[in-house]
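In what follows, a single structure is set out as structure tokens and then discussed.
Residue numbers (mature numbering (1 follows the signal peptide of the UniProt record, and there is no 0)): -28 to -1, 1 to 223.
Here you go:
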């Protein structure tokens, strides 16, 4: 997954906004924290980090474009879900078959079923091999039509499948993180169960808790409310951008 240049520009946009917030004493909130930060940050995110809305940058634009496609596909999936016999989309029927497997289970078993089923249904393939360009984010019906994709395609499909299977939106995230061991960007789904975040990864069948993940640096989180940066504290909104240089992931 080659998104380092998008991440760099998006971090710069977030940092610029944070400097404005922190530099405004008139907007002070609890314990000297500006009200903007007090309302934008929450401690209920994966990895125990705080989030701040990403209000500008190419990564936000990319997510918004995908969100519009997901809205369109939700209508088609809902129609197919209500009348399988008249569904004209083989891709929708493939995805809904996995959703049905998940619906038949509860709790962790539901998450694990959908994680494994999508990992097995989709063949790993780079965007360059499929589309002739880097970093294409495809919607689930496109992914299930091709039966191929890279890490963010797996994550997007799982995100939609889990919502259809009944997981509440507040308990689902797509997380973009940096794998420091492999020096590459990666996307996973995080699902909250009984107060703990489980990671659904196309590179492993077993789910692990976020606290057990090693050699990763979470950077961004996406859900139905939008896209945000993940930070250890409000002041980390001013951290420097990732080191220059594009890196291609092998996922």
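Quick reminder that beta carbons are idealized off the backbone N, C-alpha and C, glycines included. Here the structure is a predicted model, which means the values were calculated and not measured.
For residue 189, count neighbouring Cβ atoms within 10 angstroms of its own Cβ and tell me buried if that reaches 16, exposed if not. Residue burial is scored here from C-beta neighbours: residue 189 has fewer than 16 other C-beta atoms within 10 angstroms and is therefore classed as exposed.
Output needed for residue 102: all residues of its chain with C-beta closer than 7 Å, excluding positions within five of it in sequence on either side, in chain order. Excluding five sequence positions before and after residue 102, the CB atoms of its chain that fall closer than 7 Å to its own CB belong to 118, 120, given in chain order.
Short of 7 Å in beta carbon distance, which residues of its chain neighbour residue 108, apart from the five on each side in sequence? Order them along the chain. 99
Quick check: is the beta carbon of residue 95 nearer than 8 Å to any beta carbon in chain E? No chain E appears in this structure, which consists of one protein chain only.
Let me know the secondary structure DSSP gives residue 203 once reduced to three states. strand
Looking at residue 94 and the ligand SAH, is the gap between the Cβ and the nearest heavy atom below 7 Å? This structure lacks the ligand SAH, and indeed carries no ligand of any kind.
Hey, which unbroken runs of the beta strand (DSSP E) at 3 residues or more fall wholly within the segment 56 to 137? none
Which residue's Cα is closest to the Cα of residue 91: 172, 28, 35? In this structure, 172 is the residue among 172, 28, 35 with its C-alpha nearest to the C-alpha of residue 91.
Please classify residue 40 as buried or exposed, where buried requires at least 16 neighbouring CB atoms within 10 angstroms. Residue environment for residue 40: exposed (fewer than 16 other C-beta atoms within 10 angstroms of its C-beta).
Ends of the alpha helix (DSSP H) at residue 44? Residue 44 -> alpha helix (DSSP H) spans 30 to 54.
Going by DSSP, what residues sit across from residue 198 in a beta bridge? 195.
Contact between the segment 140 to 148 and the segment 160 to 174 is defined here as three or more beta-carbon pairs at a separation below 8 Å; is this criterion met? yes
Please classify residue 110 as buried or exposed, where buried requires at least 16 neighbouring CB atoms within 10 angstroms. buried
Taking 8 Å as the cut-off, decide whether the C-beta atoms of residue 47 and residue 136 are in contact. no
Going by CA-CA distance only, name the one from 165, 113, 182, 140 that's closest to residue 197. Selected option, being the one with the closest Cα: 140.
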